[in-house]
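Respectively, the protein sequence lines represent chains U and V.
The opening position of the first sequence corresponds to residue 18 in our numbering, with each subsequent residue numbered one higher.
The opening position of the second sequence corresponds to residue 164 in our numbering, with each subsequent residue numbered one higher.
By construction, the Cβ of each residue, glycine as well, lies at the ideal position given by its N, Cα and C atoms.
See below for the structure under consideration.
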Amino acid sequence: MDAAIRIENLHKAFGSTRALDGLDLDVRVGEVHGLLGPNGAGKSTTIRVLLGLLRADSGVAELLGGDPWQDVESLHRRLAYVPGEVMLWPNLTGGEVIDLMGRLRGGLNPKRRADLLERFELDPTKKSRAYSKGNRQKVALIAALSSDVELLLLDEPTAGLDPLMDSIFRECLKELRAQGKTALLASHILSEVEALADRVSIIKSGRRVDVGSLADMRHLARVTITADLLGKPTGLSSLAGIHEMTTTGQHVEFVVDPEELNVALAALATIGVANLTSHPPTLEELFLRHYSEGEAVSDKGKRKAKAVKG
Amino acid sequence: MRSLVGTRALIRLALRRDRILLPAFLVIVVGMVASGTQATIAFYPNLQSRIEAATVVNTTSSTLAMFGPIHDVTSLGAVSVFKLGMMGLIAIAILAARLVVRHTRAEEETGRLEMIGATVVGRRAPLTAALVVAGGMSIVTGGAAALGLVAAGLPREGSAILGAGFAALGLACAAIGALTAQVTMSARAAAGMATGAIGVFYLVRAIADAGPDGNLAWLSWASPIGWYQQTRPYAGNRWWPLALPLVLAVVMLVVAYAAAARRDFAAGLLADKSGRATASPSLATPLALAWRLQRGSFFIWASSFLVVGAVIGGITSSVSGFLDSPPVQDLMRRFGGVENVTDAFLSVELGMMAVVVTVYGMQAAMRLRAEETGLRAEPMLATPVTRIPWVWSHLTIALAGSAALMAIAGLSAGLTSAAQVDIPHQFWRVVEAAIIQVPAIWVVIGIGIAAFGLAPRLVIAGWVALVFFVLLGEFGPLFRLDQWLMNLSPYAHTPRMPGGHLTTGPLVWLIGIAAALIAAGLVGFRRRDLD
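So this is what it looks like as structure tokens:
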């Protein structure tokens with residue numbers, strides 16, 4: 018079995034709001050899978066269905082080969098969850114919460130716990146109500162990362178962490194991936210997903226609009242070219258596959274469809290090239306492209322979806 | 164005055180949040196006091212019947228302990244409001260204190276106030292706004308109650324004194340809430356401290372009013388609720404004791420504002436100590452967590468019931484002193500045909516305790532909903548803990564805790580009572596009478612759990628049911644309601660003990676109904692989405 022998570026045509030509505038509207042998602046064992054989308058796209062709803070906290074209206078949701086609504090106990094032994102908004106019991110200390118969550122999950126690794134406390138610089142003797150948002154987040158992260166599980170469900174896990182702690186979280190996740198663990202990382206922080214995820218699903222209004230490794234997505238997406246030419250860039254803009262061209266004297270900038278790249282470069286070479294840079298699209302560009310397409314059509318749906326968290 | 168910038172906006176926000184609570188409270192309190200008074204007036208058509216009834220009240224320890232004496236047995240007003248007035252007063256006092264905590268410390272704890280604090284809001288604005296809302300509520304409710312009493316046919320001056328007494332105690336308790344909100348870091352603790360203070364006021368005056376031969380009457384001056392009684396509405400109409408709660412309010416406010424100015428945002432005067440770096444080995448199950456979260460509250464309740472039980476058991480002998488008084492015997496017979504006055508007294512008192520213990524049990528059970536909406540259930544249920552065991556964690560505390568509280572009250576009352584009266588096996592009789600109240604308590608908790616599982620938005624149904632049953636028990640006979648309606652209350656079905664016959668039938672039924680309600684709640688919760 019190589020699918021850790023398999024979701025097909027999943028629907029979930031809250032009243033008249035369609036939070037998940039035919040979502041597909043597949044996460045392979047051993048990968049870090051980025052679930053990318055803005056607030057209200059359906060990320061948290063997806064994770065809460067996978068945790069058996071919400072019951073899907075229709076569609077297939079399969080987690081580690083089991084049914085997330087039915088097989089709660091056996092599945093939850095094999096996973097750990099970090100919510101985006103961590104609320105703790107105010108009169109328990111951080112250390113107590115970490116231990117409690119670990120024991121409920123069936124035990125935690127004391128060495129790893131001590132190591133993580135040190136790396137995240139968390140004082141475990143403080144009462145939870147005295148923790149800042151970032152420190153509460155650390156408690157949840159340490160509790161999840163110090164138990165020995167196959168799958169991590171992470172819902173915007175770095176919200177409230179400072180950049181230093183953020184990078185420690187990234188290190189930890191990379192270590193776990195090296196050990197063969199699987200993670201679903203819901204986020205709207207593109208750099209985080211770009212740095213960690215093997216594959217990415219972009220979701221919009223409860224539906225997946227794109228999926229693949231970043232390399233695949235880039236491969237299919239337009240390349241940006243900036244060049245200083247030796248002559249006037251005549252006739253370039255009329256070539257098939259070249260878009261958004263701007264010209265300043267002999268300096269040109271444009272994007273080109275990947276399959277027309279050869280033709281475009283040949284045309285540039287004919288004019289003569291003094292200097293040329295090309296870069297593949299960033300995740301941000303990919304993301305924004307999906308979200309600017311059909312903006313007018315989906316605006317209403319998006320606003321509705323915003324009423325529901327994640 | 165810059166520190167008050169934004170007060171008006173915060174008052175509007177508070178009124179918007181409480182737009183149902185405040186009017187509903189006003190209608191219920193004023194309606195209860197006014198209509199109850201009207202019904203009581205009809206109950207005692209002539210002077211003779213009034214004097215008789217008032218004499219019974221003034222010579223019965225249980226009613227003295229609960230509602231205090233009637234200072235003028237001939238006064239229509241005094242006879243008709245002594246009971247309802249006390250109940251309305253307590254309701255206003257508790258709401259005033261809790262309102263202030265709700266709009267200050269609770270907002271601070273959840274971080275919402277921080278969001279507001281970052282806008283143009285002065286340092287003293289949140290506390291001031293909360294006090295204006297709570298104080299306003301007290302004054303409006305007091306004023307409306309006075310008008311309602313005049314409308315019910317009572318004299319104007321007495322009604323005005325009573326309304327002013329309501330308002331003055333409300334202001335004092337709002338100020339107490341303001342102070343406790345500065346002292347602790349948790350809203351739960353702040354509200355608990357303020358409510359506890361009101362409980363102490365009530366207990367002190369109960370001891371003063373019911374003490375043997377009235378030689379503890381001076382204690383009445385040590386309690387703000389006693390100060391209200393000293394205004395003697397319709398029975399002398401004294402205005403000057405009203406100054407006492409107002410002075411208390413001013414003192415509390417000065418201290419509260421000083422504390423608010425000195426402390427940091429979200430900090431309390433009682434700083435949190437650091438705790439354990441690792442959890443104790445026992446903290447490994449949902450039930451262990453529920454006990455950890457609720458044990459503090461349980462111990463406070465348990466110690467209160469130890470004291471209250473001892474006090475009630477301790478005054479049983481002074482009750483039997485009134486055995487010779489024919490009106491008392493007559494009244495006691497009406498309480499359910501129990502001949503022995505001591506038994507009747509204990510039976511009524513234990514019944515009252517059962518209602519109060521239900522408040523504890525409901526609060527403990529409804530912790531489930533608080534955990535859910537506070538997003539603390541979600542991480543628990545993401546572990547191998549499934550839903551049913553999770554519900555049972557807090558539910559066990561509620562069911563076992565309420566049974567334990569009744570047992571503690573029974574043991575304590577049994578000990579002091581057995582030391583005072585010469586009835587064979589008195590200790591066990593009292594303990595038994597306390598324990599048999601438990602099934603009725605469980606039924607009401609069951610209603611709360613059923614609502615939690617099946618209709619979480621209507622989770623308040625459990626509390627509504629409790630209030631409804633109490634009103635049925637208190638006012639059903641007064642309004643001459645049909646027996647079937649009064650039989651809706653589970654409290655109507657517990658055998659009258661001690662002294663009555665122990666019939667197990669109703670108890671088995673009550674336990675069965677409680678079990679069915681809990682089962683319905685569990686099934687509902689197993690099937691529904693988590694909020």
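- Here DSSP, grouped into helix, strand and coil, assigns N221 of chain V to helix.
- A Cβ-Cβ separation of about 3 Å places G472 of chain V in contact with S575 of chain V under the 8 Å criterion.
- For T142 of chain U, the nearest beta carbon of chain V is closer than 7 Å to its own beta carbon.
- Proximity of P669 of chain V to chain U, defined by a Cβ-Cβ separation below 7 Å, is not satisfied.
- In terms of CA proximity to G399 of chain V, V:H234 leads the group V:H234, V:L680 and V:T549.
- Counting C-beta atoms within 10 angstroms of its own C-beta, T237 of chain V has fewer than 16 neighbours from the protein chains shown and is therefore classed as exposed.
- The beta carbon of M348 of chain V falls within 7 Å of a beta carbon belonging to chain U, placing the residue at that interface.
- At a beta-carbon threshold of 7 Å, none of the residues of chain V lie near E276 of chain U; the nearest stands roughly 45 Å away.
- Close CB contacts of L178 of chain V within its chain, under the 8 Å cut and outside five residues either way in sequence, are with L185 and V296 (chain order).
- The C-alpha of D179 of chain U is placed about 23 Å away from the C-alpha of L276 of chain V.
- Annotation for Y391 of chain V: L252, G328 and L332 place their beta carbon closer than 7 Å to its own, counting only its chain and skipping 5 residues before and after.
- Bounds of the beta strand (DSSP E) holding E79 of chain U are S75 to L80.
- H93 of chain U sits in a helix when the DSSP states are folded into three classes.
- Cβ contact annotation for H588 of chain V (same chain, cutoff 7 Å, sequence separation greater than five): none.
- Think of a sphere of 7 Å around the beta carbon of D181 of chain V: no beta carbon from chain U falls inside it, the nearest being about 24 Å out.
- Under the three-state reduction of DSSP, H664 of chain V is assigned to coil, being neither helix nor strand.
- Excluding the 5 residues flanking it on each side, P250 of chain U has same chain C-beta neighbours closer than 6 Å at T264 and V269, in chain order.
- In summary, the residues of the region 71 to 102 of chain U whose CB is separated from some CB of chain V by less than 7 Å are L71, R72, V89, E90, H93, R94, Y98, P100 and E102, in the order they occur in the chain.
- Assigned with DSSP and collapsed to three states, K191 of chain U falls in helix.
- Under DSSP, no beta-bridge partner is assigned to S198 of chain V.
- Counting along the chain, I115 of chain U sits inside the alpha helix (DSSP H) bounded by residues G111 to L121.
- Beta-carbon to beta-carbon, E90 of chain U and P542 of chain V are separated by about 16 Å, too far to satisfy the 8 Å threshold.
- D245 of chain U has U:H268 and U:N292 as its beta-bridge partners, per DSSP.
- Using beta-carbon distances, D694 of chain V does not count as an interface residue toward chain U, since no partner is under 7 Å.
- F31 of chain U sits in a strand when the DSSP states are folded into three classes.
- Rounded to whole angstroms, the separation of the alpha carbons of D233 of chain U and R122 of chain U is 37 Å.
- Sequence-distant Cβ neighbours of E102 of chain U in its own chain, meaning closer than 8 Å and more than five residues away, are A176.
- The region 293 to 305 of chain U makes no contact with the region 253 to 261 of chain V, as fewer than three CB pairs between them are under 8 Å.
- Contacts with chain U at 7 Å (Cβ-Cβ) include V548 of chain V.
- In this structure, L81 of chain U sits near L92 of chain U, with a CB-CB distance shorter than 7 Å.
- Interface annotation, T441 of chain V: in contact with chain U, CB-CB separation under 7 Å.
- For the region 116 to 149 of chain U, the residues whose beta carbon sits under 7 Å from a beta carbon of chain V are, in order, D116, L117, M118, R120, L121, R122, G123, P141, T142, K143, K144, R146 and A147.
- Fewer than three Cβ pairs drawn from the region 47 to 57 of chain U and the region 24 to 33 of chain U lie within less than 8 Å of each other, which leaves the two stretches out of contact.
- About 16 Å separates the Cβ atoms of F206 of chain V and F230 of chain V, ruling out a contact at the 8 Å cut-off.
- By a beta-carbon distance limit of 8 Å, I610 of chain V contacts G625 of chain V. Their separation comes to about 5 Å.
- Residues of chain U whose Cβ lies closer than 8 Å to the Cβ of P640 of chain V do not exist, since the nearest Cβ in that chain is about 45 Å away.
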